[in-house]
Structures are given as C-alpha cells and as structure tokens.
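Q:
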Amino acid sequence: MTTEVFSLQHGRQITVRDMRPEDAELLVNLFYHLSPETLYKRFHAVLDNLPEQRVRQMATKLALIDPQLQVALIALHNGHAIGVARLHRIPGTTQAESAIVIQDDYHREGLGTHLLKLLRERALGAGITHLVAMVQAQNHPILHLIHHSGLKSRWRVEQGETCMVVDIRTSGIPKVISA
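With my numbering, letter number 114 in the sequence shown gets 95, and the count goes up by one each step, no holes.
1. What does DSSP give as the partner residue(s) for D148 in the beta ladder?
2. Tell me whether I127 sits in a helix, a strand or coil according to DSSP, three-state version.
3. Could you check what DSSP says for G64 in three-state terms: helix, strand or coil?
4. According to DSSP, is L7 helix, strand or coil?
5. Looking at C-alpha atoms only, which residue of N120, V82, H58 and S130 is the closest neighbour of D(-4)?
6. Do you know offhand how far L92's Cα is from R35's?
7. Assuming R35 is part of the alpha helix (DSSP H), what are its boundary residues?
8. Apply the 10 Å Cβ neighbour rule to N120 and answer buried if 16 or more other Cβ atoms are within range, or exposed otherwise.
9. According to the Cβ coordinates, are V147 and I123 closer than 7 angstroms?
10. Any idea what DSSP makes of E90, helix, strand or coil?
11. When we look at the beta-carbon of Y87 and count the other beta-carbons within 10 Å, is it buried (16 or more) or exposed?
12. Could you check what DSSP says for D54 in three-state terms: helix, strand or coil?
13. Can you find the residues in the same chain that come closer than 7 angstroms, C-beta to C-beta, to R(-7), ignoring five residues on each side of it along the sequence?
14. Measure the alpha-carbon distance for W136 versus L7 and round it to whole angstroms.
15. What does DSSP give as the partner residue(s) for D(-1) in the beta ladder?
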C-alpha cells in the first residue's frame, strides 16, 4: 500500500499508511491519548497505571509486522497517530483476527469506516475472506460500524463479549458512517 491522504467529515486531512517498526513511538503516544473507556474496549482490560516500559514494549511488538500473516495500517494527523487498523491471519485458514482503534476526538468522522475499507481491500488481496473479532457487548461504535457496513456478519455473545465473524467478500462499506 502506498500512502493515502483523505479528508474526514470535518475537513481534517488524514494520512494512512502501512505500519513500520519505527512507528513504535507513535503508538506509545496514541496509547496515552486514548481514553480509559477506549483502552478498555480495545484491549479488554483496565490499563490504568501501566508502567511506561510496558507500554513501550507493547508498542514495539505491535509495530513489528510479519507481512505473511499481518497487516497494520496507521492513520496520522499532523504527524501524530490517531488510529490503527490491523489484522492477523489465523494460520491455515482464510480468516484473520482484526481490530480497529481510534483516538476519541476523531470518533464519528468516518475514520473507522475508511480504515475498515482499506483493511478489507488488503485482506481480500491476501486471500482472507472473513475478519474475526472479539468485541465487548457495550462497544457500540464498532458494532454499529459493522452492522451498517453492508458486510454480512455472524455474531455470538459469550460472557459479555460478542464474537463477530464478518464476511468481507460481500460488497458494501458505504463511504462514511458516523459511529
């Protein structure tokens, strides 16, 4: 993927590109700009008072991408990471675990929809047909995004989490969904 620039609903110019190992510092900065609620929805854990060394270790690991199994896209505004979309192929299948996280003050501007669209294109190009995600039942933005994407999905609720399997072969994904 080459670098792509597009405008959010409120006119902010966003750059999306593939994650690189040197993006670890951008991920650290993004982590510290996510609300506790967004962190909980993304990582399914309370991450208050996490030592900075642990945050840096996680960011370094997340910035290292195995192109045979993973895709990670980073969204930037004015040189700062504001969102990440990623997938990790489940070996031996045409499925991939997926996740999207967006800095809170960029919610409801179409960034999630755009990242889903780009992630879908990359997944299809890699022979992936289904995205799988464990989503907390109260994570209404992502549930809304998938529900209104035009993509077929199956959902199963287990212990407060929704296991979502999204068939990305179907057409869909409107230009913008405010979630």
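For glycine and all other residues, C-beta sits at the position ideal for the given N, C-alpha and C. Since the structure is predicted, the reported quantities are computational estimates derived from the model, not experimental observations.
A: In brief:
1. H111 and K133
2. helix
3. It is a strand residue.
4. For L7, the three-state secondary structure derived from DSSP is helix.
5. Note that residue -4 is Thr in the sequence shown, not Asp. The residue with the shortest Cα to Cα distance from T(-4) is H58.
6. 28 angstroms
7. Element bounds for R35: E33 to A44.
8. buried
9. Contact flag unset, no.
10. coil
11. buried
12. Per the sequence presented here, residue 54 reads as Leu, with Asp not at that position. It is a strand residue.
13. The residues are H58.
14. 33 angstroms
15. L54
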